[in-house]
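Chains as they are written, first to last, in the working numbering: chain A, 1 to 310; chain B, 1 to 310; chain C, 1 to 310; chain D, 1 to 310. What follows is a short report on a single structure.
4 protein chains.
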Amino acid sequence: MEVKLNEIEGIKISEGMSATDLVNQMRFAGLQASELRKAVEVIGEMKQENAVLILTFTSNMVSSGLRELFAQLCEERFVDAIITGIGSVEEDFIKTEKPFLLGDFNLDDRELHEKGINRIGNILVPNDRYIWLEKKLKPFFEKELEKQKKVRRLLAPHEMINDLGKETSDKNSFVFQCAKKDIPIFCPCPIDGAFGLQVHLFKQDHPEFGIDVSGDLKPLANLVLHAKKTGGIILGGGFAKHHAIGANILRGGFDYAVYVSTGSEFDGSLSGAKTREAISWGKINEKAETAYVEGDASILFPLIIAGVKG
Amino acid sequence: MEVKLNEIEGIKISEGMSATDLVNQMRFAGLQASELRKAVEVIGEMKQENAVLILTFTSNMVSSGLRELFAQLCEERFVDAIITGIGSVEEDFIKTEKPFLLGDFNLDDRELHEKGINRIGNILVPNDRYIWLEKKLKPFFEKELEKQKKVRRLLAPHEMINDLGKETSDKNSFVFQCAKKDIPIFCPCPIDGAFGLQVHLFKQDHPEFGIDVSGDLKPLANLVLHAKKTGGIILGGGFAKHHAIGANILRGGFDYAVYVSTGSEFDGSLSGAKTREAISWGKINEKAETAYVEGDASILFPLIIAGVKG
Amino acid sequence: MEVKLNEIEGIKISEGMSATDLVNQMRFAGLQASELRKAVEVIGEMKQENAVLILTFTSNMVSSGLRELFAQLCEERFVDAIITGIGSVEEDFIKTEKPFLLGDFNLDDRELHEKGINRIGNILVPNDRYIWLEKKLKPFFEKELEKQKKVRRLLAPHEMINDLGKETSDKNSFVFQCAKKDIPIFCPCPIDGAFGLQVHLFKQDHPEFGIDVSGDLKPLANLVLHAKKTGGIILGGGFAKHHAIGANILRGGFDYAVYVSTGSEFDGSLSGAKTREAISWGKINEKAETAYVEGDASILFPLIIAGVKG
Amino acid sequence: MEVKLNEIEGIKISEGMSATDLVNQMRFAGLQASELRKAVEVIGEMKQENAVLILTFTSNMVSSGLRELFAQLCEERFVDAIITGIGSVEEDFIKTEKPFLLGDFNLDDRELHEKGINRIGNILVPNDRYIWLEKKLKPFFEKELEKQKKVRRLLAPHEMINDLGKETSDKNSFVFQCAKKDIPIFCPCPIDGAFGLQVHLFKQDHPEFGIDVSGDLKPLANLVLHAKKTGGIILGGGFAKHHAIGANILRGGFDYAVYVSTGSEFDGSLSGAKTREAISWGKINEKAETAYVEGDASILFPLIIAGVKG
């Protein structure tokens, strides 16, 4: 054990203190508090070293108020690429027009269903959001089919999502900001969710329409291979997490990695796997700076970013 | 509250008792024990009503000894379709030739990396497994590219996986059994993992090679739409879970659903969402019979199946 | 890494198979399945080495059908001492007369409150159970006060609980079985719960009545100090867990320890602490055989005992 | 569903923003963020209504930097009573002289044991701390025994802990601050931990020494019964949580309650029980304002207090 041992330091709260002060006080507080502060440190190093920064998240975070923070970080070009699910894209897009609502975890789901309201934890999405999405996606797919015919190949997910971002000018949309700032959004699983359902329906009349997921591989590989350093901010689990760390195998692993997760390790799931498991695979480099903070990103991620911004 | 109230009944263990007896004793034991027994009941009803049964799982379960149980259930045509990640497929395929090893959750990952051993929880996969996979996939992709050219369209994931199943004759492989019994394996995210990496490498020389994920949608939709009843056994979370329940929106939701999960509800994640959340969406029918058992499927699923088999 | 590496072995389920066969198949299945099988092994060694076996559990387990299994293990003198909360004792005692009921985790708690029904997860306890308890405890405390006066010192928790066990002849009561078989039940926190409330009310009229918790220390210490070997089966967390491992500091730690828990490690809580954390304290011996199974004891403990009984 | 539906609002982070601003932005952010903001609101109401405020926590929080925040809140008389484990008391007392150290969750526990270092999550406590404690407790127990003889009854935990607080003048000690401000610390389980071990050793020479836990009941009952309103801030689980809500049965339940927890509901454990379960018991009033925030208190509690202080 050559770990240098700092003393545990106490936290004191004063009126009007800055969020950064609060986070800085957590540095030697122990438990998850010091892990959170370490995450701030690791991200600070990523930025200082100009690492290519890949951000991943799951769609429930876009359902929440994190969506606007993601958009902010894209607008500021804080991140260089995003990997996420198609649910994130469709919900971000819906919110350009229609907000989601704050409900409660314990609402009666049968009652909600009768009222045409869909629940994501304590967040509610009335059906009209999806009707609106359907109306928007139909002509969008027509345009994409035209493009497909012109380029004589199926489009890749990141291309379609980039095109979708151009359909809006909502500054609070991360899909818009990514399109504007040329930040690729990779999505290895684009036919899930409401988007996928609309693909299915559109395909009934246009069987030639399709999505070639393999088209995302080269730009992601190039991004990772040409970078001097890479850093990952991995919020939650799922394939977004795995795809990000998996791509970094090509270069011997991420140089910096911050995980924020509610997953559990004991079931061997990827979602709950710690940063150290990724080291065995070469998905995170042996010498990488890493932090793992356990808890809900809706609280932890804003706090981390507040710490990073200082 | 019109719930009928049974008395909590105690559990007694006797030497040599059958697994079914044990599970049956859990019926009125409360906590997760009675939930597990309810899962047995719901699956029993699925089978009795000849519901089209969709099984979903995550790849860590294939890393474990559940793989052979999945293969058994496919061989017995207990299930009608599988939705899972490409990691499940590649690990099942590797195991047709080379076993995984039992390690420990606390092994030193840097040391493992030096030795060329990858860790999945307490399961170990030496690098030679992936070298073998690479050797097998290259000629396989060549065949698939031939096929692609012949049919003049990109292949869908379920088609490729079906072809892969024909490359082995390992009875303990669920990919083999599915190919043999014509059980489709849907995989909305086929370019993740080692399989995806090999797609990327193959594509360097064959840029025309691709995978059209949208090709999985119609057969899955038809399966669900033409069924009198549908039942889902959803092990773990991720897109496999979401894709299964999402497809059932087309018919007003699953008629029967059993979830086994370690996910948490408080973060609004799909992986931790309870069956009742899916009811708000119409992904599970309002009148469906459901059960939700919390815990690791490596223990719970064999126990449930033992209970179902009686 | 000198860990011997076994191959992961698959699980197959056959009709009528014994619970032990099922558990034995988990031996090399990986994830929690192999941890559960290891728990069976460690307990087997405890018994073979005639280790003094301390069983700890939390009161929710007594609310469930595990109560009767605890009673069985006491009747069989499988265990040598129990450490638990007073809630376990009072619920066991109530059940000698009146059963608990199986409800649902999602019942409306306001409605339940109006109906006079108390909820423990999916287990229900109507108020009359507590009224009955009150009626029983009043004369019991009178007897204990007499005894207190006679011995001229306050009684210790294990003495009172032993006396309470003599008030019933319910074979399914672990408090009864412990009294009958002279198995001490240590309870370092006897004034919590309904029992504590009744102590408070009784004390209004008898301020001289009291409970000297320090009286539990010597018999527990002696048990641990005079044992050739000690083994712990620790179900759940809380002070019961800590008290058991803490007492074993006196002898250099448990020689065998099996934890079954749903706690989490990341918060530094004792309830989620793994067996290895206890090694740093000397609460579990460095050379001890240990297993840690994550999940709900209502399922896992019967399965483990079925495995142990063979 | 008469719940008023607010729109989900996005979070934006600016340099130097106050912690309160950050927390306020979480109000309509959904998931745990909005739960955290609700906790701030509920505590604000407690204070405005001059509710008698009971704070409970587990000892791992005192191991962390929360100890000093607890001391601050006692010094400010923000709280009216504390319920916690004896581990909290002994660790607070040790820290008056000797700090704990920041380690790592993954340190080698056998190596730590050889070096005489005890681990609590990622917090380390060298053995000399406990040797120091032993030296301090021996004369302390002698004084307490004198007092016991003088008052002719065993002392109650809250009396002893109050006396212990007078043995130090460390402003960062909550035990000191409570003694100074006459804030009772109730501890229904005082013979656990190192304190309990020392009681055991002292008792070898002084068998007449004891602790009457029943002596804590009346002052706690009186506090609760004479209050116009009561509010609970319940950090973590265990008997401290249960004792606080249990005592409030006497008055029809807490009027305000905030839980911060990492526990799980599915196992029926008290530690993971939600506020609504307590309503069925009358431990929290049907009309109470409540919030439940899931996650590690080392991060969440400072953030909540920052929000409360404004």
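Beta carbons are placed, not taken as given, at the ideal position from N, Cα and C, and that holds for glycine.
Determine, for residue i, whether the minimum Cβ-Cβ distance to residues of chain A falls below 7 Å.
i, result
"C/Glu41", "no"
"C/Leu300", "no"
"D/Met17", "yes"
"C/Gly268", "yes"
"D/Leu155", "no"
"D/Phe100", "yes"
"B/His243", "yes"
"C/Leu235", "no"
"C/Leu66", "no"
Taking the DSSP output, what are the residues bridged to residue i?
i, result
"C/Glu289", "C/Tyr256"
"B/Phe57", "B/Thr84"
"B/Pro126", "B/Ile117"
"D/Ser261", "D/Glu294"
"B/Asp212", "A/Asp212"
"D/Phe186", "D/Ile83"
"B/Leu220", "Bridge partners of B/Leu220: none, in fact."
"A/Val52", "A/Thr230"
"D/Ile284", "D/Phe254"
What's the gap between the Cα of residue i and the Cα of residue j?
i, j, result
"B/Phe140", "B/Gly116", "25 Å"
"A/Thr275", "A/Tyr259", "7 Å"
"C/Ala39", "C/Thr290", "7 Å"
"C/Gly44", "C/Val151", "41 Å"
"B/Glu15", "C/Phe301", "15 Å"
"D/Ile191", "B/Lys47", "55 Å"
"D/Ser18", "D/Phe176", "31 Å"
"C/Ser214", "D/Pro157", "11 Å"
"D/Asp80", "D/Asp182", "9 Å"
"C/Met1", "C/Glu277", "Unreliable positioning characterises C/Met1 in this predicted model, as indicated by a pLDDT of 45, which lies under 50. The coordinate reading is nonetheless provided below. For C/Met1 and C/Glu277, the distance between alpha carbons rounds to 20 Å."
"A/Tyr292", "D/Ile299", "14 Å"
"A/Leu250", "B/Asp21", "51 Å"
"A/Val125", "A/Ala71", "20 Å"
"A/Ser264", "C/Trp132", "42 Å"
"D/Arg314", "D/Asp92", "Missing from the structure shown is residue 314 of chain D; chain D here goes from 1 to 310 and no further."
"B/Gly282", "B/Ala247", "10 Å"
Using a beta-carbon distance below 7 Å, is residue i in contact with chain C?
i, result
"B/Ile13", "yes"
"D/Trp132", "no"
Shorter than 7 Å from the beta carbon of residue i to some beta carbon of chain B?
i, result
"D/Glu294", "yes"
"D/Met1", "For D/Met1, the pLDDT reaches just 45, beneath the cut-off of 50, and the residue's location in the model is therefore unreliable, leaving the point undetermined."
"A/Val213", "yes"
"A/Cys187", "no"
"C/Ser88", "no"
"C/Gln198", "no"
I want to see whether chain D comes within less than 7 Å of residue i, judged by CB atoms only; does it?
i, result
"A/Lys309", "yes"
"C/His226", "no"
"A/Glu7", "yes"
So that I know if they touch, is there some Cβ in chain E lying closer than 7 Å to that of residue i?
i, result
"C/Ile304", "Considering every chain present, this structure includes no chain E. Its protein chains are A, B, C and D."
Confirm the yes/no value for this check: CB of residue i, any heavy atom of the ligand GTP, distance under 6 Å.
i, result
"B/Ala288", "As far as ligands go, the structure on display features none, and thus does not contain the ligand GTP."
Do the segment 89 to 108 of chain A and the segment 205 to 224 of chain A meet, that is, are 3 or more Cβ pairs less than 8 Å apart? No, the segment 89 to 108 of chain A is not in contact with the segment 205 to 224 of chain A.
Three or more beta-carbon pairs under 8 Å between the segment 180 to 189 of chain D and the segment 229 to 237 of chain C, yes or no? no
Just list the alpha helix (DSSP H) runs in the segment 1 to 38 of chain B, keeping only unbroken ones of 4 residues or longer that don't cross its boundaries, in chain order. 19 to 25
Across the segment 159 to 176 of chain A and the segment 222 to 236 of chain A, are there enough close Cβ pairs to call them in contact, namely three or more that are closer than 8 Å? no
Specify whether the segment 63 to 83 of chain D and the segment 143 to 150 of chain D touch according to this definition: at least 3 beta carbon pairs, one from each stretch, less than 8 Å apart. no
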